[in-house]
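Residue numbers (the numbering used here): 8 to 355. C-beta: ideal position from N, C-alpha, C; glycine also. No experiment lies behind these values; they were computed from the predicted model shown. The structure appears below as structure tokens.
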């Protein structure tokens with residue numbers, strides 16, 4: 008079936024930006040999407056096209072996992088997870104274009120099923136990745152409804168217009184599908200269609216992915232509920248000091264039991280002299296293990312991770328065994344000025 012692509016009218020685009028960032032403009036990538044990518048790589052069966060060598064196979068695996076992750080996020084944000092999804096894809100002319108020309112090239116189509124949506128993302132994969140997070144976040148808000156997102160977020164923005172960091176409503180929108188502004192469990196049973204005030208803007212059910220923050224140690228009034236601490240998959244978004252990273256384990260039992268020598272993996276992005284570094288750590292967690300002295304000397308982000316893990320597993324001790332890789336991504340300055348990005352840097 009051939010989908011009809013319609014232009015995104017200027018008043019619609021401005022309304023989307025009003026909800027997201029409060030103004031028209033670019034904002035940086037959201038590293039939270041890594042969590043959904045990990046979920047698909049670890050726990051979903053992904054069909055791959057025939058490839059000639061291992062390198063092509065890994066590239067195809069990553070592509071298909073990313074397509075499914077984007078599909079999962081967009082479908083989950085629709086009311087009741089019943090659709091439809093309004094996918095926005097830019098079709099700018101070749102060569103250098105001005106900002107107004109870029110936004111004028113936005114087109115959208117409506118999809119009634121995850122299979123339709125996945126096929127569309129795969130067809131336009133290069134464009135979806137090339138133009139980064141601005142059209143994708145706009146697709147999320149457009150699919151859920153700008154007014155609904157604005158109400159759920161307690162009329163707060165999703166992205167800080169000053170430094171382009173994401174606020175908690177955006178974290179919750181990506182992780183749970185609802186843009187509520189808090190992380191505690193809803194104090195009473197609620198459904199997707201209930202007014203946000205009925206659930207006091209809390210998390211209404213167990214999330215597929217988890218969330219932990221070190222703020223719990225310093226703020227007695229801020230506590231993450233069980234719906235986020237005990238997700239369906241052993242994958243957590245870690246927050247601390249205005250920084251987000253991803254922690255995961257391939258053993259689901261760590262959700263309900265204390266770890267016993269289990270290996271976790273932690274992906275984080277840190278800045279060093281204006282350059283962003285992708286760091287991947289291997290972490291051991293055991294109820295009988297003593298805390299590694301080295302872990303306190305690495306950097307502040309490791310301390311944040313340790314605090315979060317001790318909140319979640321108070322009897323366990325963390326040991327950072329090794330830093331697996333460290334890869335230069337790109338200079339920080341490149342994020343704010345350029346509206347385009349390569350598919351390889353969309354998430355990593």
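**Request:** Please state whether DSSP places residue 14 in a helix, a strand or coil.
**Result:** strand
**Prompt:** Does the count of Cβ pairs from the stretch 261-274 and the stretch 311-329 closer than 8 Å reach three?
**Reply:** yes
**Message:** For residue 290 and residue 51, I'd like the C-alpha separation in whole angstroms.
**Reply:** 23 Å
**Asked** What separation, rounded to the nearest whole angstrom, lies between the Cα atoms of residue 230 and residue 190?
**Response** 7 Å
**Message:** Do residue 192 and residue 232 count as a contact pair if the criterion is CB distance below 7 Å?
**Reply:** yes
**Item:** Option in 194, 256, 224 and 152 with minimal Cα separation from residue 216
**Value:** 256
**Asked** Expressed to the nearest angstrom, what Euclidean distance is found between the alpha-carbon atoms of residue 162 and residue 180?
**Response** 14 Å
**Asked** In whole angstroms, what separates the C-alpha of residue 226 from that of residue 28?
**Response** 27 Å
**Message:** Between the alpha carbons of residue 142 and residue 326, how many angstroms are there, rounded?
**Reply:** 40 Å
**Message:** For residue 247, list the residues DSSP reports as bridge partners.
**Reply:** 250
**Request:** Could you check if residue 268 is buried or exposed, using at least 16 other CB atoms within 10 Å of its CB as the buried criterion?
**Result:** exposed
**Request:** Under the assumption that residue 241 contacts residue 258 (Cβ atoms under 8 Å), give the Cβ distance between them as a whole number of angstroms.
**Result:** 7 Å
**Asked** For residue 104, which residues from the same chain have a beta carbon less than 8 Å from its beta carbon, with the 5 sequence-adjacent residues on both sides left out?
**Response** 112
**Of the residues 122, 221, 40 and 99, the one placed nearest residue 138, counting alpha carbons only** = 99
**Message:** Taking DSSP's pairing of strands, which residues face residue 158 in a bridge?
**Reply:** In DSSP, residue 158 forms no bridge with anything.
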